[in-house]
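Just so you know, the sequences run in chain order A and B. For the first sequence, the residue numbers in the numbering used here are 1 to 298. For the second sequence, the residue numbers in the numbering used here are 1001 to 1335. Each residue gets a CB set at the ideal place from its N, CA and C atoms; glycine is no exception. Values in this document were obtained by computation on a predicted structure and should not be read as measured data.
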Amino acid sequence: MEEVLLLDNVHKTINGREIIKGISFSIKAGEVLGFLGPNGSGKSTTLRMIVGLSKPTEGQIKICGNSIVKNYVKAMSNVGCIIEGPDLYNYMTGWDNLEMLAVMNKNISKQDIISAATIVGMEKHLKEKVGTYSLGMKQRMGVAQAIMNKPRLLILDEPTNGLDPSGINEFRNLINRFAKEENMAVLISSHLMSEIELICDNVSIIKNGAILKNAVVKELLNTQEVFWVLDDNKKAMDILNESWGINSKIDGDKLVASMDKSIISEINASFIREGLKLKFVDNKHKTLEDLFLNITEN
Amino acid sequence: MIELIKLISNEIKKIMLKKKLLLVLAILLVEIIAFAYGENNTNKKTQANFTKSQSVNYNWNPIIKQQIQTLNNKLNFKNLKDSDRKSIEIQIDQYNYYLKNNINPLGTSAAKFTGTLMQESATMLLPLLIIIFAGDSVSGEFSSRTIKVLLTRAVPRWKILMSKFLSIIIISAVVVVETAVISLIVSKITFHNWGFMEPLATGFKVSGGKIDASNIMEIYQWQYLLLIYSLGFFIAIVIASISFSISIFVKNTAASISIMMAALIGGSILQLFIDDWPFAKYFFSVNLRLPQYLTGSFKVVDGMNLTFSMIVLSVWAVVALIAGILVFYKQDVLV
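Below, the structure is given as structure tokens:
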């Protein structure tokens, strides 16, 4: 399957300082990629380069095979995006905003505008001025303008900012629908770990302008951390190592290991068989946030 | 092409929804009504003074007839220069016009008022009206951050910029025409006669440091109005180009308006020093007095005439636009 978005060794230097230091990644159709990083890591800079708001100093950015620098119009006709806030024209109505943006593209019909607005649930508010919308409504309008042209690549920079829990839930369903039903490739940059966990297939973690880790979300989350508190942790550690082939470490009064949850009962049984007394066993549900903090703080 | 037209109509819609055109109209209306009232007031006072000092009512018919008589006599002098002859003939035509139409020569007509309005507004008022929307077209998009949503479309940057510029040109034409129309209506109500067929002299040149009237010719007020308002439109385009580019550089509406106003005010002050500082005549805002060249009512400065000023203004406009386009094309959008 061809990549919908491809970044190849992209560099960006501003005022002599290199801000983006050779980023490469790609997204396929139907895939949802989470772009995570601490503030100042270069997420926004990268997203702006992808949509042509900034120009890369070096490297290639291709959307559906078209270079954003050399074939701007072809590349951008496959893209819908929200960059840092749904900034629409406050003095115009929702409808006027959408219509005005739609005429800039040859292929968007009036029906497309209406259906985009309906998908985000804003069809009843189109006659009001955007300046009177709540932040959640503005976010939804932002998504509407991004999907009007039925893009193959959807880029969302911090899209759940300001949404209440039900809004976030709706949003998650929308993204799922875009990716699974419309086969859009979606790139989401966010700080909301719990949402990235639920929405994204893959994540790229970026810090200081470089990608630290590309990972599949499912794999990351399956790795569970289990800990025991026994009367002789050291002996248990040896048992785990020799009989089960599992590496573990002693952390204070706990014996900690990363492993598959399903065999815990058997391991517990074997500890007891060897004469150990089991005080406590539990697993620490590792979230993406733990992972994120772990990686970015090292 | 069609896409460009759609883009231009988008931009015009934005200007109108931001109520800038309304603001311009309001300013024009208030200023023109004030000027018309002021001029009418002065005319009335002048007549009143005449009546007071002469102890007779101001009756212009005999005065005009006398003037015509005197001028006709002058025409018969032996050593009359050609340029003087023409000048006198035009004056006679003017007086005959007043006589035939029973018009007070001390009064104002709608056409004369409208012409004078453009003459006086070309340096400051008209530019201000243009700057109101030209200085906001690009800056406004940066301040409200809507530039992001505008530029992340499948349309190249140059097309978006061009549509903004062309929309400003169109609105400038509307403003110039509006000025003429509002002025004609208000002054017709105030001064009662149109005055389109009143003759006047134009074609003054500068030679040897003095105004040369040897090639003057007679035209009607309505022709003069067309000429003057065309010059006004030219000035509007130049001012629009320069403030458009400044708004690209500073990305802030208040700053770009202030910079342009400072340049205009600086220009009007520089007029005082122009004689001794030849370099000053290349600054754009000292060359805005284009209508004055037509009527011969200007301070003579070596080397400055209509052609010179129009060339200076054109160069400023073109250079400003090119610089603006280059900067807009290359810059990273960081809002």
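In the three-state reduction of the DSSP assignment, B/ALA1122 falls in the coil class. A/GLY142 counts as buried, since no fewer than 16 other beta carbons sit within 10 angstroms of its beta carbon. For B/TRP1060, DSSP records no beta bridge to any residue. When C-beta atoms of the region 1169-1177 of chain B are compared with those of the region 1087-1095 of chain B, fewer than three pairs fall below 8 Å, so the two segments do not count as touching.
Using a 10 angstroms sphere on the CB of B/ARG1289, the tally of other CB atoms reaches 16 or more, which defines it as buried.
In this structure, A/SER26 lies away from A/GLU58, with their beta-carbon atoms at least 8 Å apart. Per DSSP, A/GLN60 is one residue of the beta strand (DSSP E) stretching across 58-63. Secondary structure of B/VAL1300 (DSSP, three-state): coil. In this structure, A/GLU225 lies near A/SER258, with their beta-carbon atoms less than 8 Å apart. For the options B/PHE1133, B/TRP1060, B/MET1304, the alpha carbon positioned closest to that of B/ALA1236 is the one of B/PHE1133. Just so you know, the alpha carbons of A/MET104 and B/ALA1255 end up roughly 30 Å apart.
Secondary structure note for A/MET259: its beta strand (DSSP E) is the uninterrupted segment 254-259. Taken through DSSP and simplified to helix, strand or coil, A/VAL73 comes out as helix.
Nearest CB-CB separation between B/SER1245 and chain A: not below the 8 Å threshold. Short of 6 Å from the beta carbon of B/ILE1246, and not among the five residues preceding or following it, lie these beta carbons of its own chain, in chain order: SER1256, ILE1259. The Cβ-Cβ distance between A/ILE83 and A/ALA75 does not fall below 8 Å. Sorting B/LEU1334, B/LEU1117, B/ALA1323, B/LYS1006 by C-alpha distance to the C-alpha of B/SER1243 places B/ALA1323 at the top. The residues VAL1333, VAL1335, in chain order, have a CB closer than 8 Å to that of B/LYS1148 in the same chain once the five nearest residues on each side in sequence are set aside.
In this structure, DSSP gives B/ASN1010 a helical state, which the three-state scheme calls helix.
Of the candidates B/PHE1191, B/GLN1119, B/ASP1212, the residue whose Cα lies closest to the Cα of B/PRO1291 is B/GLN1119. Contact check for B/ALA1240 and B/ILE1168: beta-carbon distance about 5 Å, within the 8 Å limit, so the pair qualifies. The straight-line gap separating the alpha-carbon atoms of A/ALA179 and A/LEU156 is approximately 13 Å.
Look at B/THR1152: its C-beta is under 8 Å from a C-beta on chain A. Under the Cβ distance rule, B/THR1253 does not count among the residues neighbouring chain A, no pair being separated by less than 8 Å. A/VAL281 is positioned such that its CB atom lies closer than 8 Å to that of A/ILE264. Close to chain A, meaning a Cβ-Cβ distance shorter than 7 Å, are the following residues of the region 1143-1170 of chain B: SER1144, ARG1145, THR1146, LYS1148, VAL1149, LEU1151, THR1152, ARG1153, ALA1154, VAL1155, PRO1156. In terms of CA proximity to B/LYS1330, B/ILE1248 leads the group B/GLY1266, B/ALA1320, B/ILE1248, B/VAL1318. In terms of beta-carbon proximity, A/TYR133 stays away from the interface with chain B, with every pair separated by 8 Å or more. The C-alpha of A/THR45 lies about 12 Å from the C-alpha of A/ILE206.
Proximity of B/LEU1326 to chain A, defined by a Cβ-Cβ separation below 8 Å, is not satisfied. Bounds of the beta strand (DSSP E) holding B/PRO1199 are 1199-1202. For A/TRP228, DSSP records a beta bridge to A/LEU255, A/VAL281. DSSP places A/ARG17 in the strand class (E or B) of the three-state scheme.
For B/VAL1333, the chain A residues whose Cβ falls inside 8 Å of its Cβ are ARG48, LEU53, SER54, in order along the chain. Look at B/LYS1019 here: in three-state DSSP terms it is coil, with no helix or strand label. For A/ASN39, not one C-beta of chain B is nearer than 8 Å to its own C-beta.
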